[in-house]
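Chemist: If you read the sequence shown in my numbering, its first letter stands for residue 1, the second for the next number, and so on.
Glycine included, C-beta positions come from ideal geometry on N, C-alpha and C.
Just so we're clear, the structure is a prediction, and the values are computed from it rather than from any experiment.
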Amino acid sequence: MTELRTARLTLRPWRESDLAPWAAMNADREVREHLGDVLTREQADASVAAFRADFVRRGYGWWAVEVTATGEFLGFAGLDDVDEDMPFTGVEVGWRLARTAWGHGYATEAGRACLDFGFDVLGLPEILAVTTAANHRSQAVMRRLGMTHDPAEDFDDPYAPEGSPLRPSVVHRIAR
Ligand SMILES: CC(C)(COP(=O)(O)OP(=O)(O)OC[C@H]1O[C@@H](n2cnc3c(N)ncnc32)[C@H](O)[C@@H]1OP(=O)(O)O)[C@@H](O)C(=O)NCCC(=O)NCCS
Numbered sequence: 001m002t003e004l005r006t007a008r009l010t011l012r013p014w015r016e017s018d019l020a021p022w023a024a025m026n027a028d029r030e031v032r033e034h035l036g037d038v039l040t041r042e043q044a045d046a047s048v049a050a051f052r053a054d055f056v057r058r059g060y061g062w063w064a065v066e067v068t069a070t071g072e073f074l075g076f077a078g079l080d081d082v083d084e085d086m087p088f089t090g091v092e093v094g095w096r097l098a099r100t101a102w103g104h105g106y107a108t109e110a111g112r113a114c115l116d117f118g119f120d121v122l123g124l125p126e127i128l129a130v131t132t133a134a135n136h137r138s139q140a141v142m143r144r145l146g147m148t149h150d151p152a153e154d155f156d157d158p159y160a161p162e163g164s165p166l167r168p169s170v171v172h173r174i175a176r
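(1) In terms of residues, what are the limits of the alpha helix (DSSP H) holding SER47?
(2) Taking the alpha-carbon of TYR60 as reference, which of ASP80, HIS172, VAL48 and PHE73 has the nearest alpha-carbon?
(3) According to DSSP, simplified to helix, strand and coil, what is ASP18?
(4) CA-CA distance, ALA44 and LEU74?
(5) So which residues touch the region around ligand 1, with touch meaning a C-beta under 5 Å from any heavy atom?
(6) What is the DSSP secondary structure of ARG137, counted as helix, strand or coil?
(7) For ALA23, which residues of its own chain have a beta-carbon under 6 Å away from its beta-carbon, when the five flanking residues on both sides are left out?
(8) Tell me LEU11's beta-bridge partners as DSSP assigns them.
(9) Considering only their Cβ atoms, is the gap separating VAL171 from SER130 smaller than 8 Å?
(10) Kindly list the residues whose CB is nearer than 8 Å to the CB of ARG15, restricted to its own chain and excluding five residues on each side of it in sequence; keep chain order.
(11) So, using beta-carbon positions, are PHE88 and VAL82 closer together than 8 Å?
(12) Comparing alpha-carbon positions, which option in ASP85, GLY118, PHE155 and ASP37 lies nearest GLY94?
(13) Using DSSP with H/G/I as helix, E/B as strand and the rest coil, what is ALA175?
(14) CB-CB under 7 Å to ASN26, same chain, minus the five flanking residues each way: which ones, in chain order?
(15) Taking buried to mean at least 16 other C-beta atoms within 10 Å of its own C-beta, is TYR159 buried or exposed?
(16) Using only the alpha-carbon positions, how far apart do TYR106 and LEU11 sit?
(17) By alpha-carbon positions, which one of LEU9, GLU72 and ARG173 ends up nearest to LEU128?
In structure tokens:
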């Protein structure tokens, strides 16, 4: 599995020592505000198993993100195939950081490394980013990365129940 380096961060394979802080951040309602229910320890562990399998199967996925200088685990960033029930197809970039890691530019820095990997290594012609209409912090990261949003593409997330604030969603795009 490829490791990505930025000025401050290392995007690397998951380690057993990441499981506890990953579970803790996914038990945080603020981190999960735009994602859905908080995760149990079992669900968090299972998600990491799936992330590892994704890399083995196709060579990209969600990397663990750490601060290179200290080794502090921050969360994840990476690339994933858009879920098949969405109204569009492609590869999306994404990020999820522990609350204490917000406000440092880490998501934008990690996201840029993921875009470079997607364009330069995977040769993707375009990369998408998908989030709820209410997730302004994530959309700010998308804009900082130069991604653009066409309101004509706004859609309802089919995985969110009718009437849920998680349902209205937006897609951002960037071409190679
Ligand atoms: C979405 C998420 C990753 C955004 O994190 P973030 O910290 O707001 O985004 P960035 O890492 O780009 O940081 C930007 C902020 O750091 C500040 N910053 C501080 N030092 C900085 C530096 N050295 N370089 C750049 N920005 C810096 C910026 O000014 C900006 O501050 P602002 O939010 O007050 O405008 C975070 O809110 C999160 O993990 N949310 C929960 C999970 C989630 O919703 N994920 C997305 C699902 S689609």
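Modeler: In short:
(1) Taking the sequence shown and counting its residues from 1, one reaches residue 47 at position 47. 41-58 is the span of the alpha helix (DSSP H), which, as asked, contains SER47.
(2) In the sequence shown, the residue the question calls residue 60 occupies position 60. The candidate whose alpha carbon is nearest that of TYR60 is ASP80.
(3) Against the sequence shown, residue 18 aligns to sequence position 18. Note: ASP18 maps to helix in three-state DSSP.
(4) By one-based count along the sequence shown, residue 44 stands at place 44. By one-based count along the sequence shown, residue 74 stands at place 74. Each residue's Cα considered, the two are about 15 Å apart.
(5) VAL31, HIS34, TRP95, ARG96, LEU97, TRP102, GLY103, HIS104, GLY105, TYR106, ALA107, THR108, THR131, ARG137, SER138 and VAL141
(6) Mapped onto the sequence shown, residue 137 falls at position 137. Residue state, collapsed to three classes: helix.
(7) Working through the sequence shown from its first residue, we reach residue 23 at position 23. Within the same chain, ALA23 has close Cβ partners ARG41 and ALA44.
(8) Counting from 1 along the sequence shown, the entry for residue 11 is found at position 11. Its beta-bridge partners are LEU4 and VAL65.
(9) Here residue 130 corresponds to residue number 130 of the sequence shown, with the count starting at 1. Here residue 171 corresponds to residue number 171 of the sequence shown, with the count starting at 1. It is Val, not Ser, that sits at residue 130 in the sequence shown. Result yes, Cβ atoms of VAL130 and VAL171 sit closer than 8 Å.
(10) Here residue 15 is taken as the residue at index 15 of the sequence shown, counted from 1. These residues qualify, in order along the chain: ALA64.
(11) Numbered from its first residue, the sequence shown carries residue 88 at position 88. Numbered from its first residue, the sequence shown carries residue 82 at position 82. Going by C-beta atoms, PHE88 is nearer than 8 Å to VAL82.
(12) Taking the first residue of the sequence shown as position 1, residue 94 is located at position 94. Among ASP85, GLY118, PHE155 and ASP37, the Cα nearest to that of GLY94 is on GLY118.
(13) Position 175 of the sequence shown, counted from the first residue, corresponds to residue 175. It is a strand residue.
(14) Translated into positions along the sequence shown, residue 26 becomes position 26. Excluding sequence neighbours, ASN26 sits near ARG32, VAL38, LEU39 and ALA44.
(15) As a position in the sequence shown, residue 159 is number 159, starting the count at 1. TYR159 comes out exposed.
(16) Taking the sequence shown and counting its residues from 1, the one referred to as residue 106 is at position 106. Taking the sequence shown and counting its residues from 1, the one referred to as residue 11 is at position 11. TYR106 and LEU11: Cα-Cα distance of roughly 11 Å.
(17) If you number the sequence shown from 1, residue 128 lands on position 128. Of the candidates LEU9, GLU72 and ARG173, the one whose C-alpha sits nearest the C-alpha of LEU128 is ARG173.
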